[in-house]
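Shown next, in structure tokens, is the structure this report addresses.
Residue numbers (our numbering): 1064 to 1260.
Given below as structure tokens:
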């Protein structure tokens, strides 16, 4: 989990690799609205009103053109086809392959074990460099808030550093929750995944 960055708008970003190439992940809560865009939600479900343009402006300092791939780990980010959040966002990043999802995005969680005083991580049994879980957004928000116990903050940072060294790719989606991955490039939906380099 490289360069994990929490944003007060209620989401976080991190880098991993997809097909051996750098990918930016945006992980947060969201809802789809039929008027053609998605509004991000904070951890309490309150609308904080981020459009694709708004998210692009927040992420602009990351120099998005550095990433060949960008994954929106946001519920319904690809719902609405050409009207979807993912499609509109991909127009703003014309040289990046943007992956969004139709349906709910439910992830497996990295859980803190109080007895062992450590985070329990779930790696792929066939490939230990692939992680099958993520820190939940609410927890990351707490760790970055004023007054959170330093002990937990230190353990969180230690865990993030360990993951940065030992994990290449994150595949946290819960296989029991129906969702469909959809890719866009420059505002065009990719219908054949073999077209993704």
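Positions of the beta carbon are idealized from the N, C-alpha and C atoms, including for glycine.
Quick caveat, the model's predicted, so the values are computed rather than measured.
According to DSSP, is residue 1211 part of a helix, a strand, or is it coil? Sequence index remark: in the chain shown, residue 1211 carries index 148 (1-based). In this structure, residue 1211 counts as coil in the three-state DSSP scheme.
Pull up the distance between the alpha-carbon of residue 1206 and that of residue 1217, whole angstroms please. Here residue 1206 refers to the residue found at position 143 when the chain shown is read from its first residue. Here residue 1217 refers to the residue found at position 154 when the chain shown is read from its first residue. Separation of residue 1206 and residue 1217 (C-alpha to C-alpha, rounded to the nearest whole angstrom) is 9 Å.
Helix, strand or coil: which one does DSSP assign to residue 1196? Along the chain shown, read from residue 1 onward, the residue named residue 1196 stands at position 133. Residue 1196 falls in the coil class under three-state DSSP.
Counting pairs of beta carbons, one from the region 1136-1155 and one from the region 1240-1250, are three or more of them closer than 8 Å? Using a Cβ-Cβ distance cut-off of 8 Å, the region 1136-1155 and the region 1240-1250 are in contact, since at least three pairs of beta carbons, one from each stretch, lie closer than that value.
Nearest residue (CA-CA) to residue 1259, options 1133, 1225, 1229, 1198: Translated into positions along the chain shown, residue 1259 becomes position 196. Out of 1133, 1225, 1229, 1198, 1133 has the C-alpha closest to the C-alpha of residue 1259.
Collapsed DSSP secondary structure at residue 1189 in the structure displayed: Along the chain shown, one-based indexing puts residue 1189 at 126. Here residue 1189 carries a coil assignment [DSSP, helix/strand/coil].
Between which two residues does the alpha helix (DSSP H) carrying residue 1148 extend? The residue you call residue 1148 lines up with position 85 of the chain shown. From DSSP, the alpha helix (DSSP H) with residue 1148 extends over 1148-1155.
Does DSSP classify residue 1165 as helix, strand or coil? Translated into positions along the chain shown, residue 1165 becomes position 102. Residue 1165 falls in the strand class under three-state DSSP.
If we call anything under 8 Å between Cβ atoms a contact, is residue 1240 one with residue 1171? For this step, residue 1240 is matched to residue 177 along the chain shown. For this step, residue 1171 is matched to residue 108 along the chain shown. In this structure, residue 1240 keeps its C-beta atom at 8 Å or more from the C-beta atom of residue 1171.
According to DSSP, residues forming a beta bridge with residue 1233: By one-based count along the chain shown, residue 1233 stands at place 170. Per DSSP, 1194.
Do residue 1194 and residue 1226 have their C-beta atoms closer together than 8 Å? The residue given as residue 1194 occupies position 131 in the chain shown. The residue given as residue 1226 occupies position 163 in the chain shown. Yes, they are a contact pair.
Please report the straight-line C-alpha distance between residue 1149 and residue 1184, rounded to a whole angstrom. As a working mapping, residue 1149 is identified with position 86 in the chain shown. As a working mapping, residue 1184 is identified with position 121 in the chain shown. Computed Cα separation, rounded: 29 Å.
Indicate the three-state DSSP secondary structure (helix, strand or coil) for residue 1119 in the structure shown. Position 56 of the chain shown holds residue 1119. Reduced to three states, the DSSP call for residue 1119 is helix.
When you compare each of 1072, 1238, 1159 to residue 1081 by their alpha carbons, which one comes out closest? Working through the chain shown from its first residue, we reach residue 1081 at position 18. That would be 1159, whose Cα lies nearest to the Cα of residue 1081.
Among 1071, 1095, 1077, 1072, which residue has its Cα nearest to the Cα of residue 1166? Sequence index remark: in the chain shown, residue 1166 carries index 103 (1-based). Comparing alpha-carbon positions, the option among 1071, 1095, 1077, 1072 lying closest to residue 1166 turns out to be 1095.
Please classify residue 1087: does DSSP put it in a helix, a strand, or coil? Start at 1 with the first residue of the chain shown, and residue 1087 comes out as number 24. Here residue 1087 sits in strand by DSSP.
At the level of alpha carbons, what is the spacing between residue 1198 and residue 1215? Along the chain shown, read from residue 1 onward, the residue named residue 1198 stands at position 135. Along the chain shown, read from residue 1 onward, the residue named residue 1215 stands at position 152. Taking the straight line joining both Cα atoms gives about 13 Å.
In or out: residue 1122 buried (at least 16 other Cβ within 10 Å) or exposed? For the purposes of this step, residue 1122 is taken as the residue at position 59 of the chain shown. Its Cβ being crowded by 16 or more others within 10 Å, residue 1122 is buried.
Per DSSP, the bridge partner or partners of residue 1253: Here the question's residue 1253 lines up with position 190 in the chain shown. DSSP lists 1246 as partners of residue 1253.
Can you give the Cα-Cα distance for residue 1069 and residue 1182, rounded to whole angstroms? Numbered from 1 along the chain shown, position 6 holds the residue referred to as residue 1069. Numbered from 1 along the chain shown, position 119 holds the residue referred to as residue 1182. When rounded, the distance between both Cα atoms is 19 Å.
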